[in-house]
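Asker:
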Amino acid sequence: VRGYLLDGFPGPRDYCSPNGRVIISHGGGCSGIEDRDGTTVIGMNADHNLSRGAPAALQRAFQNKQAIVLLSGSKYTAFPVRFPEECRYFVLGWYVITHAWCYPEEGVIKGKTELSMFRFQWLPEQLPWWDHLLPSSLQSPITNPSTRRLIAPDVTVYECPACTTTSPMVFSKGRCLKSWCWAFYKVCALSSYCHGNTTGTSVTGLFYWARILGGPETRITHI
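Position one of the sequence shown corresponds to residue 447 (my numbering), numbered consecutively onward.
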């Protein structure tokens, strides 16, 4: 994958920082709208796990530390700057994926679906062309282009007592983010074996860990 388009309906856990340098977005599209007893509900129409389609391509870019170009459509309302109405699409610039994970989501057409999430980080060798539209407190100088650096949080991990694998610390409360683990997003007892000691799978009440939105510099391999 060389580029990715942000457009349409933001997911309930999609995020864009006030300066546009950190973007958290679900991968794969296929959002849908359904009317339920007079209430409009936005959800997913299909699984978006990391093994197929657009999420799989983004996952490979994440594993290879490959920078990609992000584009924004005029329907992407999470971006902090509003663009001219006559323009439909905008090239934001080069980003790199620092985190990839998935979580259970209620589908619109079918029941629970699996939603893939990605954290995109702006590469500071560029100066955002929208920078002058932001308050001065949110602007930052361009980085020496000879230095390949990335502003990203430390990759702190959570070890699942059930499957003993680690997941990146994405939320303020540690959760296993492996969809094949039966403790996926469940509150698990702090023991090496916690079968029968879990609560239901849920993302309700979870908030992003503060450090996922910023932190110290870490290096990437290439652009």
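Each residue gets a CB set at the ideal place from its N, CA and C atoms; glycine is no exception. All figures in this text were calculated on a predicted structure; none of them were measured in a lab.
Going by C-alpha distance, which of F566, R528 and T612 is nearest W540?
Answerer: Distance from the Cα of W540 is smallest, within the candidate group F566, R528 and T612, for F566.
Asker: Going by other Cβ atoms of all chains shown within 10 Å of its Cβ, with 16 needed for buried, is G646 buried or exposed?
Answerer: With a pLDDT of 42 at G646, under the threshold of 50, the predicted position of this residue should be treated as unreliable, though the coordinate-derived value follows. The residue in question, G646, is exposed, as its Cβ has fewer than 16 Cβ neighbours within 10 Å.
Asker: Quick one: what's got a C-beta closer than 7 Å to A688's C-beta in the same chain, skipping five residues either side?
Answerer: An answer regarding residue 688 cannot be provided, because it is not within the stretch 447 to 669 covered by the chain.
Asker: Let me check understanding here. Comparing Cα to Cα, which of L538, A524 and S520 lies closest to E531?
Answerer: S520
Asker: Who does F564 pair with in a DSSP beta bridge?
Answerer: S471 and A546
Asker: Does the Cβ of R621 have 16 or more other Cβ atoms within 10 Å, making it buried, or fewer, making it exposed?
Answerer: buried
Asker: Given K619, which residues of its chain have a CB within under 7 Å of its CB, disregarding the five upstream and five downstream residues?
Answerer: L652
Asker: Write down the C-beta distance between Y654 and P550 rounded to the nearest angstrom, noting that I regard them as a contact closer than 8 Å.
Answerer: Actually they are not in contact, since the Cβ atoms of Y654 and P550 sit about 17 Å apart, beyond 8 Å.
Asker: Skipping 5 residues on each side, what residues in its chain have a beta carbon closer than 7 Å to that of S638?
Answerer: Unreliable placement is indicated for S638, whose pLDDT of 41 sits below 50; the coordinate value is still reported in the next sentence. Excluding residues within five positions, the ones whose Cβ falls inside 7 Å are P607.
Asker: If you reduce the DSSP assignment to three classes, tell me which class L452 lands in.
Answerer: strand
Asker: Report buried or exposed for W568, applying the criterion of at least 16 other Cβ atoms within 10 angstroms of its Cβ.
Answerer: That one is buried.
Asker: Would you tell me roughly how many angstroms separate the C-alpha atoms of A503 and A546, rounded to the nearest one?
Answerer: Taking the straight line joining both Cα atoms gives about 12 Å.
Asker: Please name the residue or residues paired with G620 in a DSSP beta bridge.
Answerer: Bridge partners of G620: none, in fact.
Asker: Alpha carbon to alpha carbon, how far is C533 from T612? Give it in angstroms, no decimals.
Answerer: 43 Å
Asker: Can you name the start and end residues of the beta strand (DSSP E) that G674 belongs to?
Answerer: Any answer about residue 674 is impossible in this case: the structure gives the chain only from 447 up to 669.
Asker: Taking C-alpha atoms, which residue in I470, C609, F564 and C462 lies nearest to V527?
Answerer: C462
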